[in-house]
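Trainee: Sharing a structure here in structure tokens format.
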Amino acid sequence: RELLDLENLLILTEKSSLADYSAIISRPSTAEGCQGLCTRRKLTARELQVLELIIACNNSKRIAVLLDIDHKTVHSHKVHIMKKLGMNNSRIMNKSIVNMYQC
């Protein structure tokens, strides 16, 4: 197994303030804005935003609202994230996130 190094990761929960969410949403949308995981796994800045919001236990509809995108776009980002992280389906990804972060 590979240990993922998530440098400067902001963990959010349902009790986090909107300012915490805006920290993710307002990040630069270029690959230069993310390090570590972005470069090693080739995640785009937007995919990293979606991943951080998934880790914060947000569902696709909530992520869509927070990022002001369609829920189908969120699904597309999740599919790309799963492929890049070598996960076969969202159940495996969600289980991994729960195990790592106790959502």
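For what it's worth, the UniProt record's numbering labels the leading residue of the sequence shown as 1, then goes sequentially.
Every residue gets a Cβ at the ideal spot worked out from N, C-alpha and C, and that includes glycine.
Using C-beta distances below 7 Å, list every residue in its chain close to K42, excluding the 5 sequence neighbours before and after it, in chain order.
Mentor: Once the five neighbours on either side are set aside, the close Cβ partners of K42 are K84.
Trainee: Applying the criterion that 16 or more other CB atoms from any shown protein chain within 10 Å of the CB defines a buried residue, is K61 buried or exposed?
Mentor: Looking at its Cβ environment, which holds fewer than 16 other Cβ atoms inside 10 Å, K61 is exposed.
Trainee: Restricting to Cα atoms, I'd like to know which of M93, I63, L66, N58 is closest to I81.
Mentor: The option with the nearest alpha carbon to I81 is M93.
Trainee: Can you tell me whether N89 is buried or exposed, with buried defined as 16 or more other CB within 10 angstroms of its CB?
Mentor: Label assigned to N89: exposed.
Trainee: For K42, name the three-state secondary structure that DSSP assigns.
Mentor: Coil.
Trainee: Roughly how many angstroms separate the alpha carbons of I54 and L67, rounded to a whole number?
Mentor: Each residue's Cα considered, the two are about 12 Å apart.
Trainee: Using the Cβ count rule (16 or more neighbours within 10 Å means buried), how would you classify L59?
Mentor: Note that residue 59 is Asn in the sequence shown, not Leu. With fewer than 16 other Cβ atoms within 10 Å, it is exposed.
Trainee: Use the C-beta contact count for E32: other C-beta atoms within 10 angstroms, 16 or more gives buried, fewer gives exposed.
Mentor: Confidence in E32 is poor, its pLDDT being 42 and thus under 50, which makes the residue's placement unreliable; the coordinate value appears in the next sentence. By the 10 Å Cβ count, E32 comes out exposed.
Trainee: Along the alpha helix (DSSP H) that carries L66, what are the first and last residues, could you check?
Mentor: Run containing L66: 60-67, per the alpha helix (DSSP H) assignment.
Trainee: Out of R46, A45, L51, E47, point me to the one whose CA is closest to I97's CA.
Mentor: The shortest Cα separation from I97 among R46, A45, L51, E47 belongs to L51.
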